[in-house]
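Worksheet: the structure to be examined is printed underneath.
There are 2 protein chains.
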Amino acid sequence: MKKVVTMNIPTVKDLKRVVIIGAGFAGLQVAKKLRRDKFQVVLIDKNNYHTFQPLLYQVATAGLEPDSIAHSIRNIIKDRKNFFFRLANVYYININQQKIYTNIGELNYDYLIIATGSVTNFFGKKNIEYFSLPMKSIPEALDLRSLILQDFESALLTNDIKEKKRLMTFVIVGGGPTGVELAGALAEMKRYVLPNDYPDLDIKYMNIHLLQASSRLLDGMSEQSAKEAYKNLEELGVIIWLNCLVQDYDGKIVFTENNKKIESANVIWAAGVKGAIIKGFANEDIKRQRILVDDYLKVIKYDNIFAIGDVAYNDQNKSYPNGYPMTAQPAIQQGNYLVKNFNYLLDKNVIKPFVYLNLGSMATIGRNKAVCDFPFFKLKGFLAWIIWMFVHLISLVGFRNRVIALTNWIIQYLQYNKSVRLIIRPFNRKKNHLKIN
Amino acid sequence: MKKVVTMNIPTVKDLKRVVIIGAGFAGLQVAKKLRRDKFQVVLIDKNNYHTFQPLLYQVATAGLEPDSIAHSIRNIIKDRKNFFFRLANVYYININQQKIYTNIGELNYDYLIIATGSVTNFFGKKNIEYFSLPMKSIPEALDLRSLILQDFESALLTNDIKEKKRLMTFVIVGGGPTGVELAGALAEMKRYVLPNDYPDLDIKYMNIHLLQASSRLLDGMSEQSAKEAYKNLEELGVIIWLNCLVQDYDGKIVFTENNKKIESANVIWAAGVKGAIIKGFANEDIKRQRILVDDYLKVIKYDNIFAIGDVAYNDQNKSYPNGYPMTAQPAIQQGNYLVKNFNYLLDKNVIKPFVYLNLGSMATIGRNKAVCDFPFFKLKGFLAWIIWMFVHLISLVGFRNRVIALTNWIIQYLQYNKSVRLIIRPFNRKKNHLKIN
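First to last, the sequence lines map onto chains A and B. Going letter by letter, the first sequence gives residues 303 to 739 in this note's numbering. Going letter by letter, the second sequence gives residues 303 to 739 in this note's numbering.
Here's what the structure looks like:
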C-alpha cells in the first residue's frame, strides 16, 4: 500500500504563505507575532519543542530536567488560524522554484524565513568532532549528564590511578559563557555533590580544565567581568588555560598548540558555533559560515528570503564587523524587527534598517556568583547572581517552566545539591577506545 | 593496555557480606536498614536510581518528567560505612561457589538477597513482544510518550482515513491498575490536550481500547471498585472489552481470541509480569516464573539465599495461593521483614514466618476520579482521588521529588494540561512496517 506522504498544508487564495524554518528565539518571535489575517504561517522545526539554550548546561550538570527549559511549540502557539506547525527536517531549498524539501514532503513558499540557528563548530577538526561532546541540544546535554555519572561509576572500578584520573578529568574547550557556566557548575558538583556520592573515590583526582584560545575569558563581555569570572572559577578549583588552542584529541589525550598534554576521557567542546545553513544557497550567499543579509535582514540576492538569528550575518554593519553575537538577544530583536517589516510591507510604508540594541550580557559562575555587563554599569557577586536568575527565569517560556525551574533552584540552593543525578539513557561510546568493560 | 576490571569491594574479616540484587521497593528497604556494624552491604542495580513504578504511566502520558519518580540511589543511602552500591547487570549466580557474575566483574557473597522484581510477561507471544510497547521502566515510558506525540504528528500528514485512524488508535492490553490508569490518562489527553494541539485532526478518530482477559477490571480489587472504574472509564470515552484475550498483533491489527480485530499502530502491553529470574537456579527452585521461597522468604534449598518482592513466590501460603500481589506493598513489607530477621539471626532469637498485611489498594482513573479499597471500607470519587494523590506523594522518595510532583499536579489540575509534551528522544520503530516516511 502506497501511503500518501505530504505536509498537508492547504493553499489559500490571496493569502501569502510565510514559511519559517526553526523555532528558536528568532523564529518563534516571528511565528507568534506575524499577522495571520494577512499571511499563512508555517513553522517548521526538527523538534516539537522550543529549547531555552542558555540553561542547557544545567541539564548537563544534573540541575534541571528538560521540561524546565523546553516548551512544546504547539502549546506556545495555541491559536491555529492560518498557522501550521510541522515537525520536520528541511534538507534542501530550491530557490528558483520557491520550494523546500523535507523528510515529510515538499512545500512551496511565498516568503521564506531562515531561522535555523547555529551548530557546533569543530573548525574541521575531525578527531575532535569524533571524540568530544558538544552541548547544543537537550539530547546532547542529557548525554553529557549520563557520561559524567557513568565516568564516576567506572572510576570506582579501577585501581589504575592513571585511568581513574583520566575518567575524572573534564576538559572544557571554550571560555565563552557556555564554557564558563559549565565549568562553574561542574566545579560545584565536585565541591558539594560528588564527594558524598562517591566517598570511595579520592575527589582530588577530579580536575576541571577550561581551555581558552584567546588571552581572556568571556570575550564578549567587559575586561572587568572576565577577570571576576576568572577569579571565581579559580576559587572553585577550575584550572584555566588562556592562549591555549586545542590542536587534537585522540579520545585519551588533549594536545594543544603550545605542546600541553592533558589526559582526559571527557572533552566538552564549547569553542564555537557556525550557522546552520540549509543546502540550496549559492556560495556568494554565505560568508563566515553564515547567510549574508542586508540591513533589512533580507538575504541579499533574493526578494522573498530572510535570515534572522545566529544564522544571519550582515557584513556591512561597521559596529559589528564580525556579525551580531550569536546569542538570544539579537535573535529575539531580529524576529521582532522582521514581524514589523512584514506588517509595514503590507501598508507600503518605508522600512528602516535593523538596529541591534545591546541590552547587556551576563554569566553565572556558581552559587552567589555571577557577572553582569549592562550598558551603563557592571555588577558582580550576589546581586549579579540574583539578577541572572531573575532574567533567566522570566525568559523561560510559560508559567509552568518558570515555576518548576524556580522550585528546583530553591531546593538545590538550600540543599547544596544537584538533584537529577539520573542515568536515564546511558551514553554509549560506540568508540570503544574509552570503554571500560 | 589491559585494564583492571573489578567490582573493587574490600573483603573485611569478621564482617559477613550481604549482596542485594535490585534497588526496587524490596531491595531498597533492606539496603537502607540492614545493620552495617554487623554486615557489609553491597547493593547492585542496573540503574543508578530507584524507580517509583506506580507513576510510570504519568511519565508516559506527558504528566511528569523522570526526576519526579526516580531518585538517585547514592543520594538515598548517604552513609557509606560498610555500604557499597554498584551499577551493574548481574548475569549469573554460581550458587556452589557463592559468587555472582556481572558486567563489571564477579563478587562473592555470604548472604544473597534476590530483589530483582519483575519483567513484562508476553506469555511467549513473540509477535506481541516484537510489535507492542511495554511500560515497566522509565526509558520505556519515555518511548511511549514520544510515540504518542509522533503518531499525532504523523497522522497530520496523511489523508488516508484508515491510516489516520490506525495512528490515532491506542490499544491497552490488561485491565489491572496499570492499564486502567494509563487508559484514563490517555482519555484525559484526548479530552483536554490533544484537540488543542492538533485542531487539524478530527479527534473522533482517536480511540482508546482497553482489553481485559477476565470478566472484570482491576482483578485485585473489590467488585464495587471495578464497576466504578469501568463506569468512569466509559464516561471518559474508553472502549472496554472484557473477556477479551489477545491472540496476536502484527504491528497493524490486534487479533483477539473471540475474533475481534482492532486496527492500531499502538499496542501497549500491560497484561502481566513475571519474576526477573537470574540464571543459576535449578528448575525446582522456580515455580510460576518466580523463585520459590519458604515462610521465611528463604529460597528453599539454600541456607544463605533469600528472595523478596515480585520475584518471590511462596506456594505454601493458603491465603495467597497465587502468591502475594506483585506490587509495592508486599515488596516493602518483605524487605522490612527480612531486615528484622537478619538482625534476629545475629541475636539467635526465634524467627516468625512472614505475614503479609494487606493495607488496601487503589487506582486513579482521572481528574477527581479514583477508587480505594481499604480493609474496612471503600471509597470512590473525589475523596478517593485526594487520598490516592496523598499516598503516592508521600511514597515518593525524597522531599524534592514530592515537591516537584505536587507542583506539576497542581499546575496541571488548574490548567487542564499535560505539560511535558516533549519528544526528546524520538522513538525509533526499527520495525519499518509502521513507518510513515
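Glycine included, every Cβ here is placed at the ideal spot set by N, Cα and C.
For S527 (chain B), same chain residues with a beta-carbon under 8 Å away, outside a window of 5 residues either side, are L520, A665, V673, C674, D675, K680 and K682 in chain order. The DSSP-derived three-state label of R382 (chain B) is coil. Taking 9 Å as the threshold, the shortest C-beta distance from D504 (chain A) to chain B does not fall below it. Collapsing the DSSP output to three states places S697 (chain A) in a helix.
Using a Cβ distance threshold of 9 Å, V321 (chain B) and A578 (chain B) do not count as a contacting pair.
Of the residues B:R382, B:I323, B:L451 and B:Y394, the one whose Cα lies closest to the Cα of F583 (chain B) is B:Y394. According to DSSP, D347 (chain A) shares a beta bridge with A:L389. Nearest to L661 (chain A) by alpha-carbon distance, out of A:A567, A:Q631 and A:A573, is A:Q631. Between W711 (chain A) and G486 (chain A), the C-beta gap is not smaller than 9 Å, which leaves the two residues out of contact. A Cβ-Cβ distance of about 6 Å is found for the pair I510 (chain A) and A489 (chain A), placing them in contact under the 8 Å criterion. By the neighbour-count criterion, in which a residue is buried when 16 or more other Cβ atoms sit within 10 angstroms of its Cβ, Y715 (chain B) is exposed. Within the model, the alpha-carbon separation for G426 (chain A) versus K581 (chain A) is close to 18 Å. Shown here, R338 (chain B) sits in coil according to DSSP, grouped into three states, outside any helix or strand. Look at the beta carbons and you see the segment 624 to 638 of chain A not touching the segment 454 to 474 of chain A: under three pairs across the two are nearer than 8 Å. Within a 10 Å sphere around the beta-carbon of S434 (chain B) sit 16 or more other beta-carbons, which makes this residue buried. Just so you know, the alpha carbons of K554 (chain A) and L449 (chain A) end up roughly 15 Å apart. Minimum Cα-Cα distance from S566 (chain B) among the listed residues B:Y500, B:L512 and B:N545 corresponds to B:L512. In the three-state reduction of the DSSP assignment, V314 (chain B) falls in the coil class, being assigned neither a helical nor a strand state. Below 8 Å, too few C-beta pairs join the segment 312 to 332 of chain A and the segment 462 to 479 of chain B to call them touching: fewer than three.
Relative to the Cα of R704 (chain B), the nearest Cα in the group B:I371, B:N350 and B:V344 belongs to B:I371. Per the C-alpha coordinates, the member of B:I440, B:V392, B:Q452 and B:I706 positioned closest to N730 (chain B) is B:Q452. Of the residues A:K671, A:S663, A:I416 and A:E586, the one whose Cα lies closest to the Cα of S524 (chain A) is A:S663. If you ignore the 5 residues before and after Y500 (chain B), its C-beta comes within less than 8 Å of the C-beta of F454, A457 and L458, all in its own chain and listed in chain order. Nearest in C-alpha terms to K576 (chain A), of all of A:N377, A:F424 and A:K340, is A:F424. Distances from the alpha-carbon of I311 (chain B) to those of B:L336, B:G326, B:V344 and B:L330 put B:V344 closest.
Distances from the alpha-carbon of R723 (chain A) to those of A:V361, A:L659 and A:N349 put A:V361 closest.
Excluding the 5 residues flanking it on each side, Y403 (chain B) has same chain C-beta neighbours closer than 8 Å at V392, Y393, Y394, I395 and N396, in chain order. Between A572 (chain A) and L484 (chain A), the beta carbon gap of about 7 Å places them in contact (Cβ cut-off 8 Å). Taking a Cβ-Cβ threshold of 7 Å, the residues of chain B close to V705 (chain A) are T709 and I713, in chain order. Between M628 (chain B) and D617 (chain B), the beta carbon gap of about 15 Å keeps them out of contact (Cβ cut-off 8 Å).
Secondary structure at E367 (chain A): coil, using DSSP grouped into helix, strand and coil. The contact set of A372 (chain B) on chain A, defined by CB atoms closer than 7 Å, consists of L724 in chain order. Closest in alpha carbon position to C546 (chain B), among B:Y411, B:I653 and B:V556, is B:V556. Per DSSP, the beta bridge partners of V673 (chain B) are B:A665 and B:K682.
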